[in-house]
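Participant:
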Amino acid sequence: MRSTGPHGVIRVSKKLIVVLVLLLSSTWVSAGSYAFVTNQGDNSVSVIDLLDRQVQATVQVGSKPAGVAVSRDSLRVYITNPESKEVFVLDGRNHRVVARSMVGLGPLGIALGPSGREVFVADWHADVVYVLNADNLDQLARIQVGDSPSGLVLNPSGSLLFVANRDENMVSVVDTKNYQKVAEILVGERPFGIAASRNGERVYVANVASNDVSVIDCASLEVIATIPVGSTPYAIALTPDSRRAFVTNQHDNSISVIDTERRQVILEMEIGEFPEGIVVEPGGRFVYIANWFGNELVVLDAEKLQIVDRIPTGESPRAFGIFVAGGS
Amino acid sequence: MRISAALYVFALLAWSATIAAHGPSRQKVVVEVQITAAPDKVWEKIGNFQDMSWHPAVESVVGNGGNSIGATRTLTLKGGGMIHEKLDKYDTGKQALFYRIDKVDVTVLPVTNYSSWLNVKPSADGGSIVTWKGAFYRGYPNNDPPQELNDQAAVDAVTGVYNAGLNSLKSALENQTQ
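Heads up: the sequence lines are chains G and Y, in that order. Sequential numbering of the first sequence, starting at 1, is according to our numbering. Sequential numbering of the second sequence, starting at 1001, is according to our numbering.
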């Protein structure tokens, strides 16, 4: 491999760089990692290979797909279709539709527990959350929550479900053992997206109308801080070490980056038109952001805070939920 | 002509506020027009938030706050109907503004949660490209909307408003320069 001449040295270095980059990237994002982006404008899901950053498949689903949840083992992908009132299940490997079921009046937000056995679906119109068997979509329970439930998230142990009720400015907390409500927490105006920190300590809610994020302490179930962000914040993602939160600001075409210890925004950066769904992959290296108006998925380096790629999606991507396996 | 049809055809319904409950699927409309006039000339015409005289469907504008963030305006439409709007962003350098509808009767414009961008960019030939973009939900927030308040009705109405405004702007500016 050693070369004597200067040209040889250059050639070898280039090869080495390529090999190193490949090795490093494969440790950041493992092979077979996909983003499942719901395209509300053309009733499809873009399956994006995160290693080569290309759309590998486009799957037709129900009508106006919005919510998405991917199982931790990446074998199952759940998609809500609020207009056709259906939940679809895709096989995470071959991306085929393996099940579909009518669910409520307007299924929107969707989340999986850590066991992957139950799937939780928020019904925007009926003000309830359904608990479904993740294998066959049979209904296990029906939980009355607040007005216009949207974002759903479970704490890492799966013992508590948090529901953002957009038109009631309130988060419902549900005990997942008995499906009973244990708390109702007043937050900012029009809470929509919601995320839980991997350390189990905090839940963050984006308040669309008050342009801030409410920080909920998971032990006391109280709001312990309200952090002003950009205009019309929509969804939130957290790094695996729980130190950074990223918030999409629809009307600012930006994201706010929050230092979760100092509880303040350390950077607002432009990201593209009308950003919505956002997730950090489990390695913590990249943040993925769906730009609803821009019809693209942005890849952001989570540490350097630089955009590294823009991947075209279908029409009007929402990607509302954890759309990468193991993401947060 | 198309606008007045879209604007006045519906029966009376309640006011809808910007952040009211809405349907499940946000819609978008983008209309672009190429104008043979310098960007500064075009921006002079459309860059004043308190002046909508360039739009053929608007009878008059009453407002507060000029072009400052948070400025408001009420458009009175020809033949009746009002739209209350608020300026959220204003960028003289980029010749761009962003506003939202605070209040409109869905019989006037069948939309809810409407926000909009208007901007001018130079085109390669020294002229301008004006882009008008809207993001909004349909007028009927619940399932199974009546035809006049469904997604298509919302998209058609907004498209009609944008086309009429931009076509009128184009002909006014191009006739002026010739």
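For glycine and all other residues, C-beta sits at the position ideal for the given N, C-alpha and C. The structure presented is a predicted model; accordingly, all values stated were derived computationally and were not measured.
Taking 8 Å as the threshold (beta carbon to beta carbon), is Y:A1135 in contact with chain G?
Facilitator: yes
Participant: Nearest to G:P228 by alpha carbon, out of G:E222, G:V70, G:L238 and G:A209?
Facilitator: G:A209
Participant: Is any heavy atom in the ligand NAD found nearer than 7 Å to the beta carbon of Y:S1168?
Facilitator: In terms of ligand content, the structure shown is empty, and the ligand NAD therefore cannot be addressed.
Participant: Per DSSP, Y:K1089 forms a beta bridge with which residues?
Facilitator: Y:F1098
Participant: Any C-beta of chain G within less than 9 Å: which residues of the region 1097 to 1116 of chain Y qualify?
Facilitator: Those residues of the region 1097 to 1116 of chain Y that come within reach of chain G (Cβ to Cβ, closer than 9 Å) are F1098, R1100 and S1115.
Participant: Under the DSSP definition of a beta bridge, which residues are partnered with G:T80?
Facilitator: G:V87
Participant: Considering only DSSP beta bridges, list what G:R243 is partnered with.
Facilitator: Answer is none; G:R243 lacks a bridge partner.
Participant: What whole-angstrom Cβ distance do G:N43 and G:S63 have, given they're in contact under 8 Å?
Facilitator: Their Cβ separation, rounded to whole angstroms, is 6 Å, which keeps G:N43 and G:S63 in contact under 8 Å.
Participant: What does Y:N1143 touch in chain G if you count any residue whose Cβ is under 7 Å from its own?
Facilitator: L105, G106 and H125
Participant: Just the C-alpha distance for G:G185 and G:V171, rounded to the nearest angstrom, thanks.
Facilitator: Residue identity check: residue 185 of chain G is Ile in the sequence provided, not Gly. Their backbone Cα atoms lie some 5 Å apart in a straight line.
Participant: Quick one: measure Cβ to Cβ for Y:Q1034 and Y:I1129, integer angstroms, because I've assumed they're closer than 8 Å.
Facilitator: 6 Å
Participant: Under 8 Å, with one C-beta from each stretch per pair, do the region 190 to 201 of chain G and the region 149 to 163 of chain G reach the 3-pair mark?
Facilitator: They touch, by the three-pair rule.
Participant: The beta strand (DSSP E) spanning Y:V1031 covers which residue range?
Facilitator: In the DSSP assignment, Y:V1031 falls within the unbroken beta strand (DSSP E) covering Q1027 to I1035.
Participant: G:K64 lies in the alpha helix (DSSP H); which residues open and close that run?
Facilitator: Looking at the DSSP string, G:K64 is not in any alpha helix (DSSP H), and its letter there is neither H nor E.
Participant: State yes or no: is the C-beta of Y:V1161 within less than 8 Å of the C-beta of Y:G1139?
Facilitator: For Y:V1161 and Y:G1139, no; Cβs fall outside 8 Å.
Participant: Span of the alpha helix (DSSP H) holding Y:W1043?
Facilitator: First-last of the alpha helix (DSSP H) with Y:W1043: P1039 to I1046.
Participant: Go to Y:M1052, then tell me how far its beta strand (DSSP E) extends in each direction, as first and last residue.
Facilitator: Counting along the chain, Y:M1052 falls outside any beta strand (DSSP E), and DSSP gives it neither H nor E.
Participant: Thinking just about the alpha-carbon of each residue, which of G:E86, G:N169 and G:M102 is nearest to the one in G:F192?
Facilitator: Per the Cα distances, G:N169.
Participant: I'd like the list of long-range same chain contacts for G:S26, defined as Cβ closer than 6 Å, with 5 residues on each side in sequence excluded.
Facilitator: Model confidence at G:S26 stands at a pLDDT of 43, short of 50, so the residue's coordinates are unreliable; what they give is reported in the following sentence. Hits under 6 Å: none found.
Participant: Does Y:D1091 have its Cβ less than 8 Å from a Cβ in chain G?
Facilitator: no
Participant: Would you check if there are 3 or more beta carbon pairs closer than 8 Å linking the region 1042 to 1050 of chain Y to the region 212 to 227 of chain G?
Facilitator: no
Participant: Beta-carbon separation of G:R318 and G:A126 under 8 Å?
Facilitator: For G:R318 and G:A126, no; Cβs fall outside 8 Å.
Participant: Could you check how far apart the C-beta atoms of G:A35 and G:V324 are, in whole angstroms? I think they sit under 8 Å.
Facilitator: 5 Å
Participant: If the cut is a Cβ gap below 7 Å, which residues of chain G does Y:D1088 touch?
Facilitator: S231 and H251
Participant: If the criterion is Cβ atoms closer than 8 Å, does the pair G:N249 and G:E273 meet it?
Facilitator: no
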